[in-house]
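Working notes, structure below.
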Amino acid sequence: MGTGRLRASMERPGRAAAPSAPSTGEPAPEEPDGRGQEPLRRRANSTSVSAAGTSAEGARRDRPSSYSSAAAASRQRLESLRKKRPLFPWFGLDIGGTLVKLVYFEPKDITAEEEEAEVESLKSIRKYLTSNVAYGSTGIRDVHLELKDLTLCGRKGNLHFIRFPTHDMPAFIQMGRDKNFSSLHTVFCATGGGAYKFEQDFLTIGDLQLRKLDELDCLINGILYIDSVGFNGRSQCYYFENPADPESQKLPFDLKNPYPLLLVNIGSGVSILAVYSKNNYKRVTGTSLGGGTFFGLCCLLTGCTTFEEALDMASRGDSTKVDKLVRDIYGGDYERFGLPGWTVASSFGNMMSKEKREAASKEDLARATLITITNNIGSIARMCALNENINQVVFVGNFLRINTIAMRLLAYALDYWSKGQLKALFSEHEGYFGAVGALLELLKIP
Amino acid sequence: MAECGASGGGSSGDGLDKSITLPPDEIFRNLENAKRFAIDIGGSLTKLAYYSTVQHKVARVRSFDHAGQDAERDRESPYEISVQEEVTPRLHFIKFENSYIEACLDFVRDHLVNTETKVIHATGGGAYKFKDLIEQKLGLRVAKEDVMTCLIKGCNFVLKNIPHEAFAYQKDADPEFRFQTNHPHIFPYLLVNIGSGVSIVKVETEDRFEWIGGSSIGGGTFWGLGALLTRTQKFDELLHLAARGQHANVDMLVQDIYGGAHQTLGLSGNLIASSFGKSATTDQEFFPEDMAKSLLHMISNDIGQLACFYARLHGLDRVYFGGFFIRGHPVTMRTITYSISFFSKGEVQALFLRHEGYLGAIGAFLKGAEQDNPDQYSWGENYAGSSGLMSSAPELGPAQGTLKGGTFDLLEMDRLERPLVSLPLLLDPASYVPDTVDLTDDALARKYWLGCFEDALDGVVKRAVASQPGAADAAERAEKFRHKYWDKLQTLRLQPFAYGTLTVRSLLDTREHCLNEFNFPDPYSQVKQKENGVALRCFRQVVQALDALAWEERQLALVRGLLAGNVFDWGAKAVSDVLESDPQFGFEEAKRKLEERPWLVDSYDTWLQRLKGPPHKCALIFADNSGVDVILGVFPFVRELLSRGTEVILACNSGPALNDVTYGESLLVAEHIAAMDPVIHSALGEERLLLMQTGSSSPCLDLSRLDERLAVLVQERGADLVVIEGMGRAVHTNYGAALRCESLKLAVLKNPWLATRLGGRLFSVIFKFEAPAQ
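Protein sequence lines, in the order shown, are assigned to chains A and B.
Using this note's numbering, the first residue of the first sequence is number 192, and each one after it goes up by one.
Using this note's numbering, the first residue of the second sequence is number 575, and each one after it goes up by one.
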């Protein structure tokens, strides 16, 4: 595999890696006369998944005859079928609004015989992905998240977590074509909106049949699976012990009784699911004010170019210069309503004043944007938890990546406004669960 | 969060404008009697409230002193009329831009006579900022009142006292405002106040409300963030920008992620997946319009979602929105309405208030006026003195009360003599709509009736002048009246929704309010006096003729008498023409004018059948005109009911309207009839015939706003028949009113346009007898 070509094709200078997750945000109305339906309630439906599975499998079976693949491929396929596991490579793909998340299982128990039989393109993919930590200028392997010595479908190996911006999807598909991925007869299991948006491109450009998977099923399966295997001996799930304390410790949380669970997935937008069991969940609501809003507004307000930069600015800013607090209006607490003086009364409220606009720094604006979006998500999550009578809330999604400020604020806000009734939980692999779920679907293929 | 618009933000740089000149009789009226001041200072607008009294001439009728010598005059007139001065309490509310506050305070101090006032009750974020100015200018001590308490008090007040206060907003509909019938029980409701932040308050009773939630993403976020993003400083300008923008250039839509709609979740492709999701790039410039629009959607959707959560959590379906973010702005009303309907799947409707901007001032005033017990009275919006709701569509701009250099909006509320309640016999008070035709809806009818009232104006002016022969300034006042009413009609042509749903009733009421404003309390008093005199002289003869008839013939004759009496109506132009030209036009001739049976609407046979059955327990009759109508039409009918063993409550207007018989007149007329007729005499004595007042001064009838004592009596006596007579009460209003008892609605159509519209002709008869509605 020509890594040089991939690098060249993926190079798009000045692009930002933004947070996303395999979710669309709340279908917020576009035009007041738009006739959108909001699908607030929906039960997991396993039949739709298996139906999709059937058609994909059919496609897979039809494949070999039409390509002049080597006898080696045919041998490998026979062996795989015998062991009831799919052909390598094993990928799970989650194409979100902003980021593509790719998980790749690297088998470490390859026998000499297997290695010999391994076609060149497969080998080069493995080498390329596992020997690099960055792909082009925008693809990144989150090495710290790698899960080692995992046993999947009887194979031992490492699970790698890779992300790149969705706007580089065309380059990714082009690479697949250039490298003749289709000859590997692998199935691409993909979830997220991009599985639909890019399906045709995969087929016509890359000659690859995507197996589209329900993103919410993938998300939940991914979370449950990753939690069950832990994080290289450590706990996957964690919480903040004393959220009111800014120095509070991140502590492991044993999610042994996961249900019921409110799952808040913060990608470009936000989806909120109430999960009652592995197969019983519903999408409660969502909001269009998500990670994409934070980063988008930060770009407009500060001229920053990356999510990391936006967060760095936010970490150095002071939102109280931008927001109007209760104490700015009442001089202290608003006792009539039991509102403490530090409560934000109006996000960006101070910016109504020209003088204060001029006095606010870019860092202050970035911080206020982060606080505004985070508080709002916390508030909607709290309302959902109340409505659904659920008290553990798991926040996932790439908005939370390296975003301790948001996590601590969510933990604090949930604890404070629920008077200690609600617990905010987080997960180490925050944005990758959809992709993991997609990979798991691949492994279900007999 | 509570409204705190007066951050000193956008308005602080404006400076105070002292150059304004205020015409005293137009803006701060009745200051000389003013007491109990309150002020609400928001981010850009100040609302001043005060209680004052208005001295009005009222026409009173009373019996002649029996020792009087003038027998000649006694035969001509059954009673005498005197014009007296009466003082009625009125609440004044004036809304103006903060930049005029100094000029306005100076004006108020210069015109203030009453020195008892020591305190001004103040609310709103700016109350603190302007405290010193107010104390220094007015010499009154500022007593600060809690913002939210004032808001809720004000909200309760308008919901109770102003019909058509609440409306739903429908974009692109004509009219865009859909007014709501006031619910007889206003509690519980949710108030979502969108000031700089958002407060969500659940209101359970007059005194109990609870802050149940809020959000920091509100009007201040739109304004502050909008100013940062677009370099546009003013709130209104930001809304203008937003109205022109395309948010899809900035927002990431479902179709941007999925390539189309999301099938399994059923999400349409053009829904917003991530607000500002497309702006996460440095490659592209974005238009201020598009960003403003995206911001507007983001904030409106967020608030709508939150409001739906709370509405659902607390099981409330009445959700009112207020605060400066909303305040009559079509752009925000539209996005909020959409958001609420979207998130509640149509279960919750966003409601807005006509006088939303005044709630704080009304509440602060009420807080300060508790010793006057304003809550124990009913109040009515004075159409003559109130600006009404103006469309503030960005392209139109504020239209009303524009003086040289400033915009003033007024609201005046009159204290009504007595508390008003719903008629207990209404089938469903919550869905009762008095008016038959909604002129806001029906453009054709609106055009006709506005023209009709314009055409009739000359005659009304003439009559007004004629009614006060001794007054030197009558002609001048009548001209002022003409201008005032003409202006109102022109306003209503442009903004039919200005005072709620436009109806024939509201046009008539507005005319009465304008006449009163210029001290023409009862232009028809002499006409009515004369007609009553003439009719009383005929009474004995009419009754004798009726008594000579066989039972069945008599029933028809009584009904024809009722109808013929109804032809005498100075309110209808066709009739006033005939009456003006031929004063001798008599009862008999009126009968001849009547359409022969079958009438246009004719359930007389059913009525006759019903009369053959057991007598009604008690009949409630709403009378119409003075003179022939009440004396030769209604009283003989009453007499027959009494003879059948039916008790009768005869309800007449409390105050004058056109030639309608007033309660005062009905007492004198009944006294005269009782002197001639033993049936009436004994019934009055034994309280089988009761004369009551309706609490109204309108030629029409709103059964949801009736004198409480009348309602109580109706219940006590177990009324099982309601008779509503006349075009104003039985056709313009109540034609479709559903009652829990039998009802008889009868009228003669004296308006050719209306008659044609109903499929009849001039003097067609409506006789509608109905069984209790289910």
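Each residue gets a CB set at the ideal place from its N, CA and C atoms; glycine is no exception.
Residue i versus residue j: straight-line alpha-carbon distance, rounded
i, j, result
"residue 737 of chain B", "residue 697 of chain B", "26 Å"
"residue 783 of chain B", "residue 844 of chain B", "39 Å"
"residue 908 of chain B", "residue 826 of chain B", "21 Å"
"residue 1119 of chain B", "residue 1136 of chain B", "15 Å"
"residue 626 of chain A", "residue 634 of chain A", "13 Å"
"residue 612 of chain B", "residue 624 of chain B", "6 Å"
"residue 460 of chain A", "residue 382 of chain A", "16 Å"
"residue 1013 of chain B", "residue 1075 of chain B", "7 Å"
"residue 453 of chain A", "residue 560 of chain A", "25 Å"
"residue 911 of chain B", "residue 901 of chain B", "14 Å"
"residue 231 of chain A", "residue 818 of chain B", "Any reading at residue 231 of chain A is ruled out, since the residue's pLDDT is 34, under 50, leaving its predicted position unreliable."
"residue 503 of chain A", "residue 493 of chain A", "12 Å"
"residue 550 of chain A", "residue 497 of chain A", "24 Å"
"residue 953 of chain B", "residue 538 of chain A", "39 Å"
"residue 1217 of chain B", "residue 1331 of chain B", "39 Å"
"residue 1094 of chain B", "residue 656 of chain B", "13 Å"
"residue 932 of chain B", "residue 667 of chain B", "7 Å"
"residue 282 of chain A", "residue 632 of chain A", "10 Å"
Where the beta strand (DSSP E) containing residue i begins and where it ends
i, result
"residue 1129 of chain B", "Counting along the chain, residue 1129 of chain B falls outside any beta strand (DSSP E), though it belongs to the alpha helix (DSSP H) covering 1125–1141."
"residue 634 of chain B", "619–636"
"residue 988 of chain B", "983–989"
"residue 800 of chain B", "Looking at the DSSP string, residue 800 of chain B is not in any beta strand (DSSP E); the run it does join, the alpha helix (DSSP H), is 793–804."
"residue 702 of chain B", "Segment 700–703 is the alpha helix (DSSP H) holding residue 702 of chain B; no beta strand (DSSP E) there."
7 Å CB neighbourhood of residue i in its chain, flanking five on each side removed
i, result
"residue 603 of chain A", "434 and 435"
"residue 1355 of chain B", "Chain B is shown from 575 up to 1348; residue 1355 of chain B falls before or after that span and cannot be answered."
"residue 1134 of chain B", "1165 and 1168"
"residue 286 of chain A", "357, 360, 381, 383, 384, 385, 386 and 389"
Residues of its chain near residue i, where Cβ-Cβ distance is below 6 Å and the 5 sequence neighbours each way are ignored
i, result
"residue 225 of chain A", "Legend: pLDDT at residue 225 of chain A = 35, less than 50; position of this residue unreliable, value from coordinates given subsequently. Excluding sequence neighbours, residue 225 of chain A sits near nothing in its chain."
"residue 717 of chain B", "693 and 695"
"residue 876 of chain B", "791"
"residue 1084 of chain B", "957 and 1062"
"residue 291 of chain A", "355 and 357"
"residue 1264 of chain B", "1223"
"residue 1220 of chain B", "1189, 1190 and 1193"
"residue 1343 of chain B", "1177, 1180, 1181 and 1318"
"residue 564 of chain A", "480, 484 and 485"
Cβ shell of residue i (< 8 Å), same chain only, five flanking positions each side left out
i, result
"residue 1228 of chain B", "991, 992, 1236, 1237, 1267, 1268, 1269, 1270, 1271 and 1281"
"residue 675 of chain B", "590, 615, 620, 704 and 707"
"residue 1334 of chain B", "1169, 1174 and 1323"
Boundaries (first-last residue) of the alpha helix (DSSP H) holding residue i
i, result
"residue 614 of chain B", "Not the alpha helix (DSSP H): residue 614 of chain B falls in the beta strand (DSSP E), residues 609–615."
"residue 548 of chain A", "545–550"
"residue 929 of chain B", "Careful: residue 929 of chain B lies outside any alpha helix (DSSP H) and carries neither H nor E."
"residue 671 of chain B", "First-last for residue 671 of chain B: 654–671, but that is the beta strand (DSSP E), not the alpha helix (DSSP H)."
"residue 392 of chain A", "390–395"
Identified DSSP bridge partners for residue i
i, result
"residue 1298 of chain B", "B:1196 and B:1319"
"residue 452 of chain A", "A:466"
"residue 473 of chain A", "A:465"
"residue 1263 of chain B", "B:1222"
"residue 763 of chain B", "B:777"
"residue 841 of chain B", "B:836"
"residue 425 of chain A", "A:422"
"residue 826 of chain B", "B:848"
key: the region 1298–1311 of chain B / the region 1023–1030 of chain B touching (three or more Cβ pairs under 8 Å)   = no
Validate contact between the region 308–317 of chain A and the region 406–416 of chain A using beta carbons, cut 8 Å, 3 pairs:
no
Check whether the region 292–303 of chain A touches the region 384–391 of chain A, taking contact to mean three or more Cβ pairs, one atom from each stretch, closer than 8 Å.
-> no
* Contact between the region 602–609 of chain B and the region 319–329 of chain A: three or more CB pairs below 8 Å? -> no
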